[in-house]
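Using the numbering used here, the first residue of the sequence shown is number 20, and each one after it goes up by one.
Note that the Cβ used here is the ideal one computed from N, Cα and C, for glycine as well.
As C-alpha cells, the structure follows; a few thoughts come after it.
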Amino acid sequence: MTPDQLFARLDALGIAHRTYRHPPVFTVAEAVALRGQLPGGHCKSLFLKDKKGGLWLVVALEEQSVDLKRLAAALAAPRFSFGSPALLQEVLGVVPGSVTPFAVVNDKDGRVAVVLDRAMLEHDPLNYHPLENDKTTAIAPADLLRFLDASGHKPRIVDLAAAAGAPTAV
C-alpha cells in the first residue's frame, strides 16, 4: 500500500489525520532534529521475531526504553530478536526506518501481533510514518485503535515503564 492509499483508507474509516512532509529520517535522533514543534506523542516501532518464528510489532513513545527480555516475559513469548529487513519488507511492506503501526494493512495473513505501550495512548495526537519515512502522520489514540481493529490486528496494551518486575500486559 502507498501512503496515498493509506490516507484513503483512513478517510474511508472516518479517521481524521494530518500529514507533515520532511526529509527522510531513519532514527529517533534524526526525527527529533527535523520535526520542530510538531505536537503530540512521537513514537517508534520495533519489528521483532521470537525464537519460535512469531512476529511482533511493538509501538512506544520514542523516549521509552524497551527491555526485550522483560517484554517477552510479560507477553509469555519466546525470546525476541529484531526481524530482518527482508522479513519486514515481506510481511509489512516497509523498509527499516519506515516501520509504523500503519504497516499492518500490508499484513494480509495476520502474522504480526501488535503491542502498544499504554503510556503512548495518553498522548493526543500520536505521530507515525505513513509507510514512508519522509512524512509524519498524526492521528488520535482512539483512531489508532480503530484502525488496527479494522485491519484485523487487535493490539495488546503493555505498560513498558513498569517500575518493578516484568511489564504488565492486558
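Item, Value
"For Ile176, the residue or residues it bridges with in DSSP", "Leu135"
"Own chain, CB closer than 6 Å to Pro43, minus 5 neighbours either side, in chain order", "Asn152 and Asp153"
"Check: Pro144 C-beta below 7 Å from any heavy atom of the ligand COA", "By its list of ligands, the structure shown contains no ligand whatsoever, and the ligand COA lies outside what it can speak to."
"Ala132 vs Gly73 beta-carbon contact at 8 Å", "yes"
"Length-filtered (3 minimum) beta strand (DSSP E) runs lying within the stretch 139–170", "145–147 and 154–158"
"Coil, strand or helix - Leu67 by DSSP", "strand"
"Three or more C-beta pairs below 8 Å linking the stretch 125–143 and the stretch 28–43", "no"
"Rounded straight-line distance, which links the Cα of Arg40 to that of Asp168", "27 Å"
"First through last residue of the beta strand (DSSP E) which encompasses Ala96", "From DSSP, Ala96 is part of no beta strand (DSSP E); its letter is neither H nor E."
"For Ala92 and Lys68, the rounded distance between their alpha carbons", "14 Å"
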